[in-house]
Amino acid sequence: PRVQWLKELGMDDSQVARMSMMFPQLGSCSLETNLKPKVGTMREYGFTDEQIGRSLSRCPQLLSYSSKRWAHRLGVLQASDVLNNHSSFTFMVRTDAKFAARFESA
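Residue numbers for the sequence shown follow my numbering, beginning at -14 and rising by one.
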């Protein structure tokens, strides 16, 4: 079910395979309580399935972050008017100190 769901986000077989190699914990992530809610949050902030699939295939460790971290960072990025640019997910994976220095010091 997980593989099919990832393909529904626009990923092809090579992206799913790469994602699984980069983030082996994916196999133990619950589809219903981890993956779908986080993707739902991204959709609420205006990301398309194509953007989500591309971003997760490049940076699958995003799925390991807590929902609290997701909500906080997406809110800060939205307030900083950089939420939907190509760098949004790069900012999501920064350390707490680097993220705060970039966005929360103003």
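For glycine and all other residues, C-beta sits at the position ideal for the given N, C-alpha and C.
(Q) Quick check: the stretch 23 to 32 against the stretch 54 to 63, are at least 3 beta-carbon pairs closer than 8 Å? (A) yes
**Q.** Endpoints, alpha helix (DSSP H) assigned at E29
**A.** 21 to 29
Q. At a Cβ threshold of 8 Å, is L59 touching chain C?
A. The chain labelled as chain C is not found in the depicted structure, where only one protein chain is given.
Q) Rounded to whole angstroms, how far is the Cβ of W55 from the Cβ of K23, which I believe are closer than 8 Å? A) 6 Å
Q. Out of V67, S5, R(-13), R87, which has the shortest C-alpha to C-alpha gap to S42?
A. S5
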